[in-house]
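Working notes, beginning with the structure itself.
2 protein chains.
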Amino acid sequence: MKLATMRDGSPDGRLLVVSRDLRSALRADAVVMSLREAMETWDQVEAGLQRLADSLNRGDAPDAFALPLRELGPPMPRSWQWLDASAFHSHGDLMERAFRHAPIEGKLTRPLMYQGGSDDFLGPMDDIPMPDEADGIDFEAEVAVVTDRVPMGTPAGDALRHVRLIMLANDASLRSLAMVEMKTGFGWIQAKPATSFSPVAVTPDELGLAWKDGRVHYPVQVYWNERHFGSPDAGAMGFGFHELIAHAAYSRNLSAGTVLGSGTVSNANYREVGSACIAERRAIEIADEGRAVTPYMRYADRVRIEMFDAHGQSIFGAIDQQIVPAPRSRDN
Amino acid sequence: MKLATMRDGSPDGRLLVVSRDLRSALRADAVVMSLREAMETWDQVEAGLQRLADSLNRGDAPDAFALPLRELGPPMPRSWQWLDASAFHSHGDLMERAFRHAPIEGKLTRPLMYQGGSDDFLGPMDDIPMPDEADGIDFEAEVAVVTDRVPMGTPAGDALRHVRLIMLANDASLRSLAMVEMKTGFGWIQAKPATSFSPVAVTPDELGLAWKDGRVHYPVQVYWNERHFGSPDAGAMGFGFHELIAHAAYSRNLSAGTVLGSGTVSNANYREVGSACIAERRAIEIADEGRAVTPYMRYADRVRIEMFDAHGQSIFGAIDQQIVPAPRSRDN
């Protein structure tokens, strides 16, 4: 099934069930109010939500209405945990070469992962407020999963059954600050502003055979100011989501609603398929021409991120956002 | 006022108002159910909670009962964000010397901060489950604050009024994994298991003049297996909490209920006052004798962390915990 969240003034918003073709929706609040609550009570609410989805997809739901795209927040406006990996090896290799830092030890056997803010996610069409154009504003197109509760010590072999939902993410980044923070070893605070998510989160069965080995085997389509920027295949993850989950759960329980990201989608044949973030294109330019030519984003720039199935159907709807200056007011 | 959370089977627990001497308590659920909800509605609930606290401290609350220490969870069993700094320069200096890594650039002008798990905090007397004794199990005694909503771009000069509560933390760490993860630049995932908090969180006014310059000017008392381990003064932070908040809010809003930690309390005269984590003592041994003599924690080891005011009154109650093996079951 496909799920979305309509803004209603509350912090968690109100859950909608969405038709497979993303055209129509049903309110799900008779079953459960919000997707965050649904994640915490999944076994009790899944069947009820599935009945709504089935009725909607059969076209016999009398209360169906057109999906109100402009009123959608992220599927979960906030959650308890956002862990983002860097699971595409071609991306890491390019970044290391461009910025001439030594290869990260063990990166082929231990996933790279940081924890980001999960308290204030952005919706698929929300403006992205940024404090300064000079910070090197970038997008990152990613796949993300939402888990139910994962007990500490869950091995990779048991981890995939904890994946309840899949969605797309735009992990906005401030590249000038990223290198400074990375050198401290502490990870990123300032370089990782709020992350944005696709209109719709889907259960793994919606992907059919394209959900395999803990990976989504479709390209992600990335457009920057309406120009095609890249369409690398998300199936090329060096670690599958089961391995990312097991890595994260080594010494902690993961609460229901934990969101895990793949990191910027990237393919080894990046010259043909393009990239899913500007930093990677700049790294390629540095490798090829000795210097980066492509600038980072400016205010009013837009990014669009979407994924289509084999029939050309948009799976998650589009992330389509604009960069704006953060309000200068001290209490916005 | 002083606040605590009694476990009741719900994820957020039930709020108690606690007397200044930590002996008695009142249920606060007529005002607000949980401390997490109180943080999100502080302006509406503060006066009601204060009336309960006043009545309790005057001794005329008919519904008062003995504080049920064993039933307390952490003041917030879960929250939206946990940001932990390393704000004591003497600690960083010692660690750099011992582990012979190059000084972190800009560390005296930019706070060091990582984001940790906030979905599964531990209570003051909870066992700490750890996957492997060989991981270098350590405690870290810290001061932490809880903020209301801090808008992006809030400057340090405006930040202190967002501090609603203060508490103690035990930021348990796995040192063998910490160095591996730090070298990646991504921060810590496996090396930072669930963080524990003191029985009671207090409003800043409870500290009187000891809350000054965004710092708590009292020593933290640390005991390992009943032996005194250190009592460094928490007032020696190289950055105050207002600077930590402004740093964190540069490119993100901080939701109400955000918890910020000071990092391991540490003083430059560590030879006299001792340390607040084992890694620091080992670093001193390496500096003095060329090798670390003190081992890390073993299963069944205990740590006790407490802070007393000028009259010898425990301010937050004691964190008093035991290290235990994590359950091997795959679904604990």
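Line order of the protein sequences matches chains A and B. All residue numbers for the first sequence refer to the working numbering, where the first residue is 2 and numbers rise by one. All residue numbers for the second sequence refer to the working numbering, where the first residue is 2 and numbers rise by one. Backbone N, C-alpha and C fix where the C-beta goes; we use that ideal spot for every residue, glycine too. Values in this document were obtained by computation on a predicted structure and should not be read as measured data.
Straight-line measurement puts the Cα of A:Thr185 at about 8 Å from the Cα of B:Met183. Taking every protein chain shown into account, the CB of A:Thr196 has 16 or more other CB atoms within 10 angstroms, so this residue is buried.
If you draw a straight line from the Cα of B:Leu166 to the Cα of B:Thr204, it is about 5 Å long. Taking CB atoms only, B:Phe230 has no neighbour in chain A less than 8 Å away. Sequence-distant partners of A:Ile190 (beyond 5 residues in either direction) whose C-beta falls short of 7 Å from its own C-beta, in its chain, are Glu182. With distances taken between CA atoms, A:Ser119 lies nearest to B:Arg253 out of B:Pro75, B:Glu307, B:Arg253 and B:Met298.
For B:Glu106, the nearest CB of chain A lies under 8 Å from its own CB, placing it at the interface with that chain. Three or more beta-carbon pairs separated by less than 8 Å link the segment 142-150 of chain A to the segment 212-229 of chain A, which places the two stretches in contact. Taking every protein chain shown into account, the CB of A:Asp289 has fewer than 16 other CB atoms within 10 angstroms, so this residue is exposed. Not flagged as an interface residue toward chain B: A:Pro75, since no C-beta distance is shorter than 8 Å. B:Phe230 sits in a strand when the DSSP states are folded into three classes. The segment 73-84 of chain B and the segment 121-140 of chain B touch, with no fewer than 3 CB-CB distances between them shorter than 8 Å. Residues of the same chain with a CB within less than 7 Å of the CB of A:Tyr115, apart from the 5 flanking positions on each side, are Asp85, Gly188 and Trp189 in chain order. Look at B:Ala48 here: in three-state DSSP terms it is helix. Ranked by Cα distance from B:Gly239, the options B:Asn268, B:Tyr251 and B:Thr295 are led by B:Asn268.
Between B:Leu245 and B:Pro152 a beta carbon distance of about 16 Å is seen, past the 8 Å cut, so the two are scored as non-contacting. Taking 8 Å as the Cβ-Cβ cut-off, the segment 309-330 of chain B approaches chain A at Ala327, Pro328, Arg329 and Ser330, given in chain order.
For B:Glu281, the enclosing alpha helix (DSSP H) starts and ends at Ile279 to Glu290. Secondary structure at A:Met2: coil, using DSSP grouped into helix, strand and coil. Partner residues in the beta bridge of A:Ala170, as assigned by DSSP, are A:Glu143 and A:Phe198. DSSP lists A:Asp85 and A:Ala145 as the beta-bridge partner residues of A:Gly262. Scanning chain B for C-beta atoms nearer than 8 Å to the C-beta of A:Met40 yields nothing, as the closest lies near 12 Å away. At a cut-off of 8 Å between beta carbons, A:Tyr115 contacts chain B. Against chain B, the beta carbon of A:Leu175 has neighbours under 8 Å at Ser252, listed in chain order. When DSSP states are grouped into helix, strand and coil, A:Trp189 belongs to the coil group. Exclusion of the five residues before and after B:Ser232 leaves Pro220, Val221, Gln222, Val223, Val274 and Gly275 as the residues of its chain whose Cβ lies within less than 8 Å of its Cβ. The continuous alpha helix (DSSP H) containing B:Val274 extends over residues Tyr271 to Val274.
For A:Ser25, no alpha helix (DSSP H) run applies; the uninterrupted beta strand (DSSP E) run containing it begins and ends at Ser25 to Arg28, by DSSP. Contact annotation for A:Asp9 against chain B: no contact, minimum CB-CB distance about 16 Å [criterion: below 7 Å].
Leaving aside the five residues that flank B:Ile285 on each side, the residues in its chain whose CB is nearer than 7 Å to its CB run, in chain order, Leu95 and Tyr271. The C-beta of B:Pro194 comes closer than 8 Å to at least one C-beta of chain A.
Of all residues in the segment 117-130 of chain B, those with a C-beta nearer than 7 Å to a C-beta of chain A are Gly117, Gly118, Ser119, Asp120, Asp121 and Pro130, reading in chain order. In the three-state reduction of the DSSP assignment, A:Ala237 falls in the helix class.
Straight through space, the alpha carbons of B:Phe230 and B:Ile306 are spaced by roughly 10 Å. In terms of CA proximity to B:Pro125, B:Asp321 leads the group B:His243, B:Ala237, B:Asp321 and B:Arg21.
DSSP lists B:Ser25 as the bridge partner or partners of B:Ala67.
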